[in-house]
Amino acid sequence: MLSNVLSQGHGEEVDLAIGSLRLLWASMFMSKGFPHLSISPGLLYECLEYANMFAKLGARVVVVEFADKMLQMLDRELQAALLADLAANNVEILLTTSISTVREVEGSIRGKPSLIVETSRGSFRCECLLSAVGRCGTTEGLGLEKLGVTIGRGKMIQVDENQHTGVANIYAVGDVAGGNLATIGQAQAVRAVRRVFGSGQFTLVDKAVKPFTVWTIPEISWAGLNEQEAEQKKLNFGVVRADYGKTVRGIVSGEPGFLKLIFDRENGKVLGVHICGAQASELINFGADAVDSGTTIFEILQFVFPAVTFHILYNWAAAEAKIRMSGVKSLSGAACWGRLRRSIIRSLELAESEVSFEEAVCAAFRTFDSDGSGFLTSEQLQDAMSSLGLQLDTAAIEEMINEAEQNGDGVIDYMEFLAACKVPDNHPSAQRMSSKIKKMPSTRFASQSYDLLVLGAGPAGVKAALEAAGRGYKVGVVEPKECLTGAPTGAHSKCMRESVMEMKVTWPEIRTMISRVTADAQANAARLLRTFHVDVLPGAASFVDGKTIKLTDTFGNSSNIKTTAVVIATGSKANRLPMIPFDVPGVYDSDTIGEIDYIPRLMVVQGGGIIGLEYANIFAKMGTKVIVVEFADKVLMMLDGDLKAALLSELAANKVDLLLSTAIKSIVKGKGATRGSPVLQVDIGECFLECDCFLSATGRAGCTDNLGLEAVGVKTGRGKMIQVDENQYTGVASIYAVGDVAGGNLATIGQAQAVRAVRKMFGSGQYTLKDKEAKPYIVWTIPEVAWVGLNEQEAEAKGLNFGLVRVEYSRAVRGIVSGEKGFLKMIYDRPQGRVLGVHICGAQAGELINFGADAVDDGTTIFEILQFVFPAVTYHVLYNVAATEAKLRMGGVQNLSAAASWARVKTAIMKSLEKQQSQMTFEEAVEATFRTFDADGTGHLTAKQLQASMRSIGLTLSDEAVEDMIKEADQQSQGFVDYPDFVTICRTCGMGPVKAAKA
Numbered sequence: 000m001l002s003n004v005l006s007q008g009h010g011e012e013v014d015l016a017i018g019s020l021r022l023l024w025a026s027m028f029m030s031k032g033f034p035h036l037s038i039s040p041g042l043l044y045e046c047l048e049y050a051n052m053f054a055k056l057g058a059r060v061v062v063v064e065f066a067d068k069m070l071q072m073l074d075r076e077l078q079a080a081l082l083a084d085l086a087a088n089n090v091e092i093l094l095t096t097s098i099s100t101v102r103e104v105e106g107s108i109r110g111k112p113s114l115i116v117e118t119s120r121g122s123f124r125c126e127c128l129l130s131a132v133g134r135c136g137t138t139e140g141l142g143l144e145k146l147g148v149t150i151g152r153g154k155m156i157q158v159d160e161n162q163h164t165g166v167a168n169i170y171a172v173g174d175v176a177g178g179n180l181a182t183i184g185q186a187q188a189v190r191a192v193r194r195v196f197g198s199g200q201f202t203l204v205d206k207a208v209k210p211f212t213v214w215t216i217p218e219i220s221w222a223g224l225n226e227q228e229a230e231q232k233k234l235n236f237g238v239v240r241a242d243y244g245k246t247v248r249g250i251v252s253g254e255p256g257f258l259k260l261i262f263d264r265e266n267g268k269v270l271g272v273h274i275c276g277a278q279a280s281e282l283i284n285f286g287a288d289a290v291d292s293g294t295t296i297f298e299i300l301q302f303v304f305p306a307v308t309f310h311i312l313y314n315w316a317a318a319e320a321k322i323r324m325s326g327v328k329s330l331s332g333a334a335c336w337g338r339l340r341r342s343i344i345r346s347l348e349l350a351e352s353e354v355s356f357e358e359a360v361c362a363a364f365r366t367f368d369s370d371g372s373g374f375l376t377s378e379q380l381q382d383a384m385s386s387l388g389l390q391l392d393t394a395a396i397e398e399m400i401n402e403a404e405q406n407g408d409g410v411i412d413y414m415e416f417l418a419a420c421k422v423p424d425n426h427p428s429a430q431r432m433s434s435k436i437k438k439m440p441s442t443r444f445a446s447q448s449y450d451l452l453v454l455g456a457g458p459a460g461v462k463a464a465l466e467a468a469g470r471g472y473k474v475g476v477v478e479p480k481e482c483l484t485g486a487p488t489g490a491h492s493k494c495m496r497e498s499v500m501e502m503k504v505t506w507p508e509i510r511t512m513i514s515r516v517t518a519d520a521q522a523n524a525a526r527l528l529r530t531f532h533v534d535v536l537p538g539a540a541s542f543v544d545g546k547t548i549k550l551t552d553t554f555g556n557s558s559n560i561k562t563t564a565v566v567i568a569t570g571s572k573a574n575r576l577p578m579i580p581f582d583v584p585g586v587y588d589s590d591t592i593g594e595i596d597y598i599p600r601l602m603v604v605q606g607g608g609i610i611g612l613e614y615a616n617i618f619a620k621m622g623t624k625v626i627v628v629e630f631a632d633k634v635l636m637m638l639d640g641d642l643k644a645a646l647l648s649e650l651a652a653n654k655v656d657l658l659l660s661t662a663i664k665s666i667v668k669g670k671g672a673t674r675g676s677p678v679l680q681v682d683i684g685e686c687f688l689e690c691d692c693f694l695s696a697t698g699r700a701g702c703t704d705n706l707g708l709e710a711v712g713v714k715t716g717r718g719k720m721i722q723v724d725e726n727q728y729t730g731v732a733s734i735y736a737v738g739d740v741a742g743g744n745l746a747t748i749g750q751a752q753a754v755r756a757v758r759k760m761f762g763s764g765q766y767t768l769k770d771k772e773a774k775p776y777i778v779w780t781i782p783e784v785a786w787v788g789l790n791e792q793e794a795e796a797k798g799l800n801f802g803l804v805r806v807e808y809s810r811a812v813r814g815i816v817s818g819e820k821g822f823l824k825m826i827y828d829r830p831q832g833r834v835l836g837v838h839i840c841g842a843q844a845g846e847l848i849n850f851g852a853d854a855v856d857d858g859t860t861i862f863e864i865l866q867f868v869f870p871a872v873t874y875h876v877l878y879n880v881a882a883t884e885a886k887l888r889m890g891g892v893q894n895l896s897a898a899a900s901w902a903r904v905k906t907a908i909m910k911s912l913e914k915q916q917s918q919m920t921f922e923e924a925v926e927a928t929f930r931t932f933d934a935d936g937t938g939h940l941t942a943k944q945l946q947a948s949m950r951s952i953g954l955t956l957s958d959e960a961v962e963d964m965i966k967e968a969d970q971q972s973q974g975f976v977d978y979p980d981f982v983t984i985c986r987t988c989g990m991g992p993v994k995a996a997k998a
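Here the sequence shown stands for residues 0 to 998, numbered as in numbering that gives the first Met the number 0.
Right, dumping it as structure tokens:
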């Protein structure tokens, strides 16, 4: 391809100055088209960002780099992904290449430039040259040398950890001091001011780990160590990679990408996170916080992310990392060895043998080694696993051998067999395995029964099965449907929503999206169950007793299956009220609405809860006229007032009518109704509503019918939900319940319940942790609405001393660029600044809420959030903006400008005391100041007196600003400031946390 751009023409050579480069760059933007070729010297971030963007706009791009390597700061997989994307866009990269001269071609003009670029590889002809060879500090003309301020490489000012230059009271922050991210520069600024004027009560250590982003398309972000650095440090580390396609949002959006997690094998701490894909810059913030705070993969597993988000990749990665802690290469092979190990342990326990685990392994090896050769071949190993009830194909046996063998000879000797069966010394089961029990018969390792039967193959059921199978237990999953569920309960509505957002508004397009997501989710679930050798048993389950399940297949044949424990994960189903004729065409519930094959003209939705309003919003966006009928006189009482107002406003904007205090009496077919063209008459008492689609969304009930729960004494409560304790235990035998059927109304909550249940029944292991109490919630309207923790009404009801701030999306650069409307509202505790609640309305709210949930759960303060460095062009920066404003409002500030004016008064008083070295107390100085300001001795300050007083300390204020000062201080709404008001405002106007009074 290079032959297409090499030029043989040579004319007068002209060295192009920086000013000319800038002129040519500007002229390119003024031209009507895009340049045919850009030569970009340098491989810094800016260079590749521009190369990527202009290539996607159709420009031919060649990147010239003097060095022989590039992107050394990136993890090797991020490097590969970025280079692959550049290559896919025909960007050519020339390493070990230098540029000697640049000259204009004769006839080149400002609106249509033409250049010849001479390089060590030949001449190039192009329309645009972008020089991206790094940046230097803007220090010229400041006279720093005469002050003794040291200037280092790249004209950057040299500073210490507090940004001090070492000269007088001169500090440097931002780019000129090496703060090459806007948020790093802002953190430096705070640190410098603290150093100059005192740190205050809540001085904190800066976050050591900061996230970085390359703004290519797709984005690339990282925090912490990359794989090469971990290798160089010779750490005992593991690596896992979770692809976007594992998530429902990834399946729906079709976005390629991955999250790579590097972890310490000794303790599970997260060492680094690397992400390539859509929203990487938003996703990396959770990872950066995890690396900085020493979070472990086990703690990440406790975190509940909303199911239809990319953040759930952290759960996927942590789950796989947990399995790979001991150096596992093949999950399938390791699961088979785990089953063998568990069988040996179980036989020891049943026989109450006195022999050690190692002796039992030796006996097992002798039994399997039928020819006494001292080696196990693949055939012998296959026979051995079959004797344990695990039928494996040749490929699975090969994975077992590859996992265990150390010599590469294709067979397993005794030492390899022992090593594969043993658990690492730091594993929680190691101590139990080394204990002696009693003599074990070598002829029997397993019974035909299961260690665990899981009823239901939804997200919670699959999670329970994998958690137990990963520990080596024999697990079966009973599923009455022909296909595994895989996807969460609300997947259909999320698919419809994403289709609308992708502008796929014809029904065939939407049905295709739903079918693809369902199929992919089923395939993912089936693949995982196969990997961990979980048996899938098709049919309906019912209890015979606490340890026996009756399985009935689709032909009516039944058999009894024995099990040690049971997890009920049968999910939930839509409530069906008796007055609704669900057999009439056009009448749906929240389970069957996914079967609709047309876009309705007019839809009536029964129920103003979250599910009903999600569908109302989605169908309204598709052009359907929607009427929501709600029996109660209020809706969305669980939402913060601002979120509720935003959601109702959005519904109104889409012409959704909301009828409160209205009951539906009946529904009948209308005139001319056919199955293909339904017409419905909905009687609401006062009138009839004619529609072609009726959706009943009146809540959900547990799927507990025909399980035989009464026979074993398992109790169900309201909505047929199974009653459980904090460990998901039903109180009967070894029966547990998780997911929707046990009140876990989010897929991720159900999965957390599943892990908790399996830990309780089989032992918690070394890293048992307390569940995260604060869980994020989302309403999947357009835009999204998400929240965690207390809302404003709840904080008021509890009588808390709290503050709140609301920042609009337009306060973030990304919000300005995208034009997206939205806001983040933060509720915080005034005594300490702890975050009590976060409420978000807008694009990506489901991704943004996870940082807030972690903050609420950990008791994070607004001061700690201020230490966090978010990539500048992200919505996550809103957390910094909100925390900054919250800090200013800590003392109950209403008007920031007025509070700043009063702070100037307070500072003037303190400076006066310091200057005069007075023995007077601050309170006495405040009183003296008030008397000075109160020129007529009336005992209060009028607007005129206050304006003159502020002028005397060097602050000239408008009449309006002075009125704001009076309103800020006037506690009795008198229209002036009296002495008690003056004392109070001077004491509290520091716009920060107030120190607790000494006892």
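All C-beta atoms in this analysis are idealised placements derived from N, C-alpha and C, irrespective of residue type, glycine included.
Residue state for PRO458 is assigned as helix, using DSSP reduced to three classes. Closest in alpha carbon position to THR295, among ILE261, LEU146 and SER280, is ILE261. The DSSP-derived three-state label of ASN559 is strand.
TRP214: not part of any alpha helix (DSSP H); DSSP gives it neither H nor E. By the C-beta density criterion, LYS462 is buried, having at least 16 other C-beta atoms within 10 angstroms. In its chain, beyond the 5 residues on either side, GLY249, GLU254, GLY256 and GLY276 have a beta carbon closer than 6 Å to the beta carbon of TYR243.
A Cβ-Cβ contact shorter than 8 Å links ARG829 with ASN800. When C-beta atoms of the segment 548–561 are compared with those of the segment 644–653, fewer than three pairs fall below 8 Å, so the two segments do not count as touching. Taking all protein chains shown into account, PHE921 has fewer than 16 neighbouring C-beta atoms within 10 Å of its C-beta and is therefore exposed.
Within the segment 751–804, the runs of alpha helix (DSSP H) at least 4 residues long that lie entirely inside it are, in chain order, 791–796. DSSP places GLU689 in the uninterrupted beta strand (DSSP E) bounded by 687–690. Along the segment 615–686, the beta strand (DSSP E) occurs as fully enclosed runs of 3 or more residues at 624–628, 656–658, 665–668 and 679–682, listed in sequence order.
The beta-bridge partner set that DSSP reports for CYS275 consists of ILE219 and PHE257. Our two residues, ASP519 and SER130, have alpha carbons roughly 45 Å apart in a direct line.
When rounded, the separation of the alpha-carbon atoms in ILE815 and TYR808 is 7 Å. A straight line joining the alpha-carbon of SER665 with that of LEU745 spans about 32 Å. For the set VAL976, VAL925, GLN915 and ILE598, the Cα lying nearest the Cα of LYS905 is the one of VAL925.
The beta carbon of GLY716 lies closer than 7 Å to those of GLN722 in the same chain, with the five residues before and after it left out. Fewer than three beta-carbon pairs drawn from the segment 781–796 and the segment 314–322 are found closer than 8 Å, and the two stretches are therefore not classed as touching. The beta carbons of GLU105 and VAL61 sit no closer together than 8 Å. For ARG341, the enclosing alpha helix (DSSP H) begins and ends at 330–350. Uninterrupted beta strand (DSSP E) stretches at least 3 residues long and entirely within the segment 265–326 occur at 269–276, given in chain order. Per DSSP, the beta-bridge partners of ASP263 are PHE236.
Taking a cut-off of 8 Å for Cβ pairs, the segment 751–764 and the segment 573–591 do not touch, as fewer than three such pairs fall below it. Of the residues PHE542, CYS690, GLY836 and ASN705, the one whose Cα lies closest to the Cα of VAL681 is CYS690. A distance below 6 Å between beta-carbons, with the five flanking residues on each side excluded, links ARG193 to no residue of its chain.
No Cβ-Cβ contact shorter than 8 Å links ALA842 with ILE861.
With distances taken between CA atoms, ARG600 lies nearest to VAL625 out of VAL625, ILE617, LYS68 and GLY608.
Contact between THR780 and GLU613 holds: their C-beta atoms lie close to 6 Å from each other, under 8 Å. Minimum Cα-Cα distance from PHE542 among the listed residues VAL713, LEU465 and LYS473 corresponds to VAL713. In the three-state DSSP reduction, ILE509 falls in the helix class (H, G or I). In the structure shown, PRO979 adopts helical secondary structure according to DSSP, grouped into three states. Judged by DSSP in its simplified three-state form, ASP174 adopts helix. Comparing alpha-carbon positions, the option among GLY707, VAL982 and PHE975 lying closest to PHE929 turns out to be VAL982. If you draw a straight line from the Cα of VAL148 to the Cα of GLY136, it comes to about 13 Å. If only complete runs of 4 or more residues are kept, the segment 66–92 shows the alpha helix (DSSP H) at 75–87, in order along the chain.
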